[in-house]
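Counting in the numbering used here, the sequence shown runs from 156 upward without gaps. Structure first, commentary second.
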Amino acid sequence: MLSSLRGALLHVGLIAAATLLSAGWGWWMPREVSVDGIVVRESAAMAWAEAFAERWEDEPISLDAGESVLAVTPAEMGISRTIVVAEEFDVAVALHLAPARGTWRITVDEVAFEAFFEELTLLTERAPAMSPAGVVSGRALDTLLAHEAVLAAARTSQPLVRLPFRTIAYVEPPPQEEASATFGVEVATHTSSFRDGGDRWTRSRNIALAALAIDGVVIAPGATFSFSETLGPRTFARGFMPAEELARGEVVTGIGGGICQVATGLHEAALRGGLEIEEHHPHSQLPTYASPGIDTAVAWEQKDLRIRNTLPFHLRIRAVATDGTLSVQLLGSERGPEVSMETEIERAADGSMSVRRVRVVGAGALARRDEQTFHYDAPARRRL
156 MLSSLRGALL
166 HVGLIAAATL
176 LSAGWGWWMP
186 REVSVDGIVV
196 RESAAMAWAE
206 AFAERWEDEP
216 ISLDAGESVL
226 AVTPAEMGIS
236 RTIVVAEEFD
246 VAVALHLAPA
256 RGTWRITVDE
266 VAFEAFFEEL
276 TLLTERAPAM
286 SPAGVVSGRA
296 LDTLLAHEAV
306 LAAARTSQPL
316 VRLPFRTIAY
326 VEPPPQEEAS
336 ATFGVEVATH
346 TSSFRDGGDR
356 WTRSRNIALA
366 ALAIDGVVIA
376 PGATFSFSET
386 LGPRTFARGF
396 MPAEELARGE
406 VVTGIGGGIC
416 QVATGLHEAA
426 LRGGLEIEEH
436 HPHSQLPTYA
446 SPGIDTAVAW
456 EQKDLRIRNT
466 LPFHLRIRAV
476 ATDGTLSVQL
486 LGSERGPEVS
496 METEIERAAD
506 GSMSVRRVRV
516 VGAGALARRD
526 EQTFHYDAPA
536 RRRL
């Protein structure tokens with residue numbers, strides 16, 4: 156009887172011990188965390204992780220720009236590394252794991268990150284040119300792909316990143332002796348107004364800078380003009396200022412706010428001049444400075460205005476912004492084709508509108524017809 160009781164108690168004790176072992180090793184075993192294969196006690200884990208992260212943030216990543224290689228640390232790019240040990244321990248205890256597995260998390264300071272890439276873009280860009288050996292294409296950093304490549308390297312501790320670039324083609328200007336005689340006729344024009352000075356001075360400045368950037372550009376017959384490539388990145392370093400702009404259906408403050416009004420002016424001039432519009436994006440809401448279907452949204456490396464000169468002669472852009480008036484002209488050696496445009500607007504009860512625009516270029520059997528539809532969310536117009 157006594158031996159049976161002792162056996163039962165021993166059996167119960169073994170079951171209890173096994174239950175304790177399986178249910179919660181954390182209360183009696185040293186709690187540890189494993190990061191990159193290195194096991195560290197809980198009490199020292201955070202200090203070790205912080206020291207390791209600091210060393211990692213100061214370890215340079217080589218950015219291969221083709222013509223040169225730049226050594227830049229993650230810290231200089233606004234990239235840091237952190238690990239939340241407490242969360243990892245909670246998971247380990249719940250799953251009866253020992254030691255806990257730690258995972259690094261990449262944190263990005265958006266302001267520092269963007270500022271670094273603005274400087275990198277200016278440092279690595281090259282304008283197209285004509286050299287004694289022939290045409291030399293230009294290049295511009297593809298910032299979106301560069302962002303992805305650098306962050307991927309940071310996550311996987313890659314020591315080298317080959318920077319991606321876009322090619323900028325060289326467009327040959329007309330002979331110098333033709334300059335005055337070739338552009339004596341107005342092919343098309345656009346005029347709009349903007350609020351100048353006061354609390355809108357930064358937007359006025361951006362409009363003036365954008366107009367100056369495209370003023371005087373010559374588009375050869377058959378050539379395509381890119382607004383974004385001509386204007387370049389909208390950055391503090393290049394003189395652009397924060398100002399109101401339409402983005403994602405809201406009036407927000409962005410670097411270069413106001414340049415869309417210049418793109419809008421060029422878009423309408425191109426439409427009325429009979430040129431082909433290869434790329435165009437309207438805003439989600441109609442700004443007050445444009446007619447429905449004419450407004451143009453541009454964003455560096457995301458949305459562009461691209462127009463092709465379908466006329467048999469060179470065109471020169473004339474853009475001036477002064478005293479609250481923006482004027483954009485297309486000048487050539489002769490008048491352009493006959494152009495007619497009709498716009499149909501349907502307004503919904505919520506204030507949104509659908510727009511259908513039909514343009515006919517030329518007359519008779521050779522006339523070219525194009526049709527586009529647009530949709531604007533409510534409210535129908537936004538004051539900028």
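Every residue gets a Cβ at the ideal spot worked out from N, C-alpha and C, and that includes glycine. Keep in mind the model is a prediction, meaning the values are calculated, not measured.
Can you give me the start and stop residues for the beta strand (DSSP E) that residue i sits inside?
{"i": "S235", "result": "234 to 237"}
{"i": "H422", "result": "Taken as a continuous stretch (DSSP letters only), H422 belongs to no beta strand (DSSP E), being part of the alpha helix (DSSP H) at 414 to 427."}
{"i": "V263", "result": "260 to 263"}
{"i": "T477", "result": "470 to 477"}
What are the residues that DSSP puts in a beta bridge with residue i?
{"i": "T385", "result": "BP columns for T385 are empty, so no partner."}
{"i": "F380", "result": "I462"}
{"i": "Y531", "result": "M508"}
{"i": "F320", "result": "L296"}
{"i": "M496", "result": "R514"}
{"i": "R310", "result": "DSSP output for R310 lists no bridge partner at all."}
{"i": "M396", "result": "Answer is none; M396 lacks a bridge partner."}
{"i": "R281", "result": "R294"}
{"i": "E526", "result": "V513"}
{"i": "A226", "result": "S217"}
{"i": "A454", "result": "K458"}
State yes or no: is the C-beta of residue i within less than 8 Å of the C-beta of residue j?
{"i": "R358", "j": "A418", "result": "no"}
{"i": "V316", "j": "L485", "result": "no"}
{"i": "R321", "j": "R350", "result": "no"}
{"i": "H422", "j": "K458", "result": "no"}
{"i": "V494", "j": "V513", "result": "no"}
{"i": "T385", "j": "I410", "result": "no"}
{"i": "G394", "j": "I362", "result": "no"}
{"i": "P319", "j": "L300", "result": "yes"}
{"i": "S488", "j": "V373", "result": "no"}
{"i": "E212", "j": "P229", "result": "yes"}
{"i": "L466", "j": "H438", "result": "no"}
{"i": "F380", "j": "R471", "result": "no"}
Less than 7 Å between the CB of residue i and some heavy atom of the ligand PLP, yes or no?
{"i": "G387", "result": "Ligands displayed in this structure: none; no statement on the ligand PLP is therefore possible."}
Quick one: using the 10 Å Cβ neighbour count with 16 as the cut-off for buried, is residue i buried or exposed?
{"i": "A424", "result": "buried"}
{"i": "S347", "result": "buried"}
{"i": "R260", "result": "exposed"}
{"i": "P215", "result": "exposed"}
{"i": "Q440", "result": "buried"}
{"i": "L460", "result": "buried"}
{"i": "S159", "result": "Annotation note: pLDDT 48 at S159 (below 50); position unreliable, coordinate value reported separately. Under this definition S159 is an exposed residue."}
{"i": "T451", "result": "buried"}
{"i": "S335", "result": "Only weak support is given to the placement of S335: the predicted model assigns it a pLDDT of 49, under 50, and the value that follows is read from those uncertain coordinates. Its Cβ having fewer than 16 others within 10 Å, S335 is exposed."}
{"i": "S383", "result": "buried"}
Please list the terminal residues of the continuous alpha helix (DSSP H) segment that includes residue i.
{"i": "A363", "result": "356 to 369"}
{"i": "T337", "result": "334 to 337"}
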